[in-house]
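Contents: one structure, followed by commentary.
In my numbering, the protein residues as written are 1057 to 1275.
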């Protein structure tokens, strides 16, 4: 096992972009397959279980956000070993989020907010930014993590790790923050109603909803 792990690490180290592309593609296939129903190994969940997983996801996201902020603090103060540990913890939380989120979507349902037009429009804008950042950040985060796990601190100075890491951390901090805010609006400030998960994957739907709301608000 140690020899296999060493070979894998060597392969990733020599071709980090290729490894990032492969792992990103696997993640996208899982998410797209789950939303479209083509990947369906999930047990059917009750409404109460879906709600429980929704709250668990919020806790996971808050934990990931906290670890990210701590990691940024450490790197700015030159405490690189602590930075690496904090970022690894954050990445583990992100992976845990993905597992729980796919379980909730695949075995349960998504929710639509039930609120007045203006709060709904604000919610949809934040949700759209959150989703977009989550999608485009996957390869950036993976690349930063793979570089960090396969290179020494001295070697990282000759890579794009610092630049990529700043982009990855900024995007994920904003994405997680918006995810937590939309969770609060959807589950604790306003009401909600079940929605077929596949609608969230149809990216034109939130935009169409937002345009219709803005038309009503400005009319």
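Positions of the beta carbon are idealized from the N, C-alpha and C atoms, including for glycine.
Proximity below 8 angstroms, CB of residue 1241 to CB of residue 1175: yes
Where residue 1195 falls, given that 16 or more other Cβ within 10 Å makes a residue buried: Flag for residue 1195 reads buried.
Range covered by the alpha helix (DSSP H) that runs through residue 1127: From DSSP, the alpha helix (DSSP H) with residue 1127 extends over 1103 to 1132.
Within 8 angstroms, strictly: CB atoms of residue 1123 and residue 1142: yes
Neighbourhood of residue 1215 by C-beta, 6 angstroms cutoff - its chain only, sequence neighbours within 5 removed: 1203
Under the three-state DSSP convention, the category residue 1226 falls into: helix
4-residue-minimum alpha helix (DSSP H) runs that sit fully inside the stretch 1187 to 1228, ordered along the chain: 1209 to 1212
Contact the stretch 1138 to 1156 vs the stretch 1065 to 1079: 3+ CB pairs below 8 angstroms: no
Residues that DSSP places opposite residue 1170 in a beta bridge: 1247
DSSP-derived helix/strand/coil call for residue 1098: Here residue 1098 carries a coil assignment [DSSP, helix/strand/coil].
Continuous alpha helix (DSSP H) stretch holding residue 1242: start and end: Note, residue 1242: premise wrong, no alpha helix (DSSP H); not H, not E.
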